[in-house]
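Written below as structure tokens is the structure these notes are about.
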Amino acid sequence: MLRTRVWVPYLYVAPAVALLCLVFAYPVVRVVDFSTRLIRGANGPYVGSLNYQLVWEDSTFHDALKHSALLLLAVPVLLVLSIFFAVLLYERARGWRIYRSVLFLPYILAVPIVGIVASYIFELNGALNSILRAVHLNGLALDWLGSEKLSLLTVGIVIVWRELGFGIVLFLARLLSMSEDQLEAARIDGANWWARLRYVILPELRGTIEFYVVVASITMIAWVFAYVYTLTSGGPGTSSTVLELYIYNQGLRNSLPGMASAVAVVLLAVSIVSISLLLVVRARARAEELA
Numbered sequence: 017m018l019r020t021r022v023w024v025p026y027l028y029v030a031p032a033v034a035l036l037c038l039v040f041a042y043p044v045v046r047v048v049d050f051s052t053r054l055i056r057g058a059n060g061p062y063v064g065s066l067n068y069q070l071v072w073e074d075s076t077f078h079d080a081l082k083h084s085a086l087l088l089l090a091v092p093v094l095l096v097l098s099i100f101f102a103v104l105l106y107e108r109a110r111g112w113r114i115y116r117s118v119l120f121l122p123y124i125l126a127v128p129i130v131g132i133v134a135s136y137i138f139e140l141n142g143a144l145n146s147i148l149r150a151v152h153l154n155g156l157a158l159d160w161l162g163s164e165k166l167s168l169l170t171v172g173i174v175i176v177w178r179e180l181g182f183g184i185v186l187f188l189a190r191l192l193s194m195s196e197d198q199l200e201a202a203r204i205d206g207a208n209w210w211a212r213l214r215y216v217i218l219p220e221l222r223g224t225i226e227f228y229v230v231v232a233s234i235t236m237i238a239w240v241f242a243y244v245y246t247l248t249s250g251g252p253g254t255s256s257t258v259l260e261l262y263i264y265n266q267g268l269r270n271s272l273p274g275m276a277s278a279v280a281v282v283l284l285a286v287s288i289v290s291i292s293l294l295l296v297v298r299a300r301a302r303a304e305e306l307a
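Here's what the structure looks like:
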């Protein structure tokens, strides 16, 4: 009777586990299988690592890999801006209500909407260039989305603008959970804003910073497809193509599901490693707090 009771909880969760495996595990297994077959997916002949070799020899893949890596430069920008504005909101600096509304608004909008709105702003005859020309700054009215040198930078700016809200919310939540005794003691001792930030606030945010860096890095590597697709579609040429868009183009436009699956497997591996790193970081942070 006792043994039967031990198994009862597992029976309750079994349907949910089975559904989870069906929704997530099965597609992963199929993608891995696709990556080892030629052109026709699961019905094609087994070719081993050939798709991975073809991907590695493709110059477009190298461009996409480089661009995805360059987008990682947005992570420190997001980190600094998120902490800065979170501290301003926490200390309720002058105009903090305006900052809160302006900074949070983009994050509650869907990414495709942000991309479409930004495309109207940054296109050659868009709102930004119209304003620049109106104030006689014609030299700054550039082809932000149509230039090979500027397209990826413009995508990065839009990503930072939209994703900034998440970082601010995260750090502000951590700041609001802090005890105000340390900050009050620092103010009494005459510490200025920078000293309070450096010696009181940043040490308290250490675990949150580590968490945010990992999450933001995963976002830049594996969650920017909607931005790129709505803004530039990877162009001009391949100047703003990223790994996600490369997978889309190979799998759906070029009818090469094997190559697309190979890149997807690599992205999955990178994501798993990043999430594992995140778990290690969080475990270490908890251990330090308990110590």
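One gets this note's numbering by counting positions in the sequence shown from 1 and adding 16 to each.
Beta carbons: idealized from backbone N, C-alpha and C, even for Gly.
From a predicted model like this one, the values you see are computed outputs, not experimental measurements.
Next on the checklist: Pop quiz: valine 176 and valine 93 are said to be a contact at Cβ under 8 Å. What is the actual Cβ separation, rounded to whole angstroms?
Outcome noted: 6 Å
Checklist entry - Are the CB atoms of valine 47 and serine 287 nearer to each other than 9 Å? => result no
Checklist entry - In this structure, does DSSP put glycine 57 in helix, strand or coil? => result Summary for glycine 57: the model assigns pLDDT 48, below 50, so the residue's position carries little reliability; its value from the coordinates is reported in the next sentence. Helix.
Next on the checklist: Contact between the segment 155-166 and the segment 130-140 is defined here as three or more beta-carbon pairs at a separation below 8 Å; is this criterion met?
Outcome noted: yes
Checklist entry - Does the Cβ of tryptophan 23 have 16 or more other Cβ atoms within 10 Å, making it buried, or fewer, making it exposed? => result exposed
Checklist entry - Within 10 angstroms of its Cβ, does valine 289 collect 16 or more other Cβ (buried), or is it exposed? => result exposed
Checklist entry - By Cβ distance below 6 Å, which residues in the same chain neighbour glycine 57 in space, the five residues on each side in sequence not counted? => result Low confidence applies here, because glycine 57 scores a pLDDT of 48, under 50, leaving its location unreliable and the question unanswered by this model.
Item to check | leucine 86 beta carbon less than 9 Å from that of leucine 36 | outcome: no
Checklist entry - Would histidine 78 be called buried (16 or more neighbouring beta carbons within 10 Å of its own) or exposed? => result exposed
Next on the checklist: Could you compute how far the alpha carbon of serine 292 sits from the alpha carbon of alanine 238?
Outcome noted: 16 Å
Checklist entry - Taking all protein chains shown into account, do 16 or more other C-beta atoms lie within 10 angstroms of the C-beta of valine 279, making it buried, or fewer, making it exposed? => result buried
Item to check | For leucine 81, the nearest candidate out of Ala301, Val297, Leu283, Ile217 (CA to CA) | outcome: Leu283
Next on the checklist: Ignoring anything shorter than 4 residues, give me the alpha helix (DSSP H) runs that lie fully in the segment 214-272, in order along the chain.
Outcome noted: 222-238, 241-247, 259-264
Checklist entry - Smallest Cα separation from isoleucine 124: which of Gly183, Gln198, Ile147? => result Gly183
Checklist entry - Does the segment 112-132 come close enough to the segment 218-229 to have 3 or more Cβ pairs within less than 8 Å? => result no
Checklist entry - Applying the criterion that 16 or more other CB atoms from any shown protein chain within 10 Å of the CB defines a buried residue, is leucine 122 buried or exposed? => result Rather than leucine, the amino acid found at residue 122 in this sequence is proline. Proline 122 is buried by the Cβ-count criterion.
Item to check | Euclidean distance between Cα positions of tryptophan 209 and isoleucine 217 | outcome: 10 Å
Item to check | Distance CB(leucine 180)-CB(serine 98) smaller than 9 Å | outcome: yes
Next on the checklist: Let me make sure I understand the geometry here. Which of Leu192, Glu196, Ala201, Arg178 has the alpha-carbon closest to that of alanine 232?
Outcome noted: Arg178
Checklist entry - In whole angstroms, what separates the C-alpha of methionine 236 from that of leucine 186? => result 18 Å
Next on the checklist: Can you tell me whether valine 118 is buried or exposed? The criterion is at least 16 other CB atoms within 10 Å of its CB, across all chains shown.
Outcome noted: exposed
Next on the checklist: Under DSSP, the alpha helix (DSSP H) around tyrosine 136 begins and ends at which residues?
Outcome noted: 127-138
Checklist entry - Among the residues of its own chain, which have a CB less than 7 Å from the CB of phenylalanine 101, if the five just before and after it don't count? => result Tyr115, Leu119, Ile184
Next on the checklist: Quick check on the DSSP output: the alpha helix (DSSP H) that includes alanine 90 runs from which residue to which?
Outcome noted: 90-106
Next on the checklist: Tell me the residue span of the alpha helix (DSSP H) that contains phenylalanine 50.
Outcome noted: 42-50
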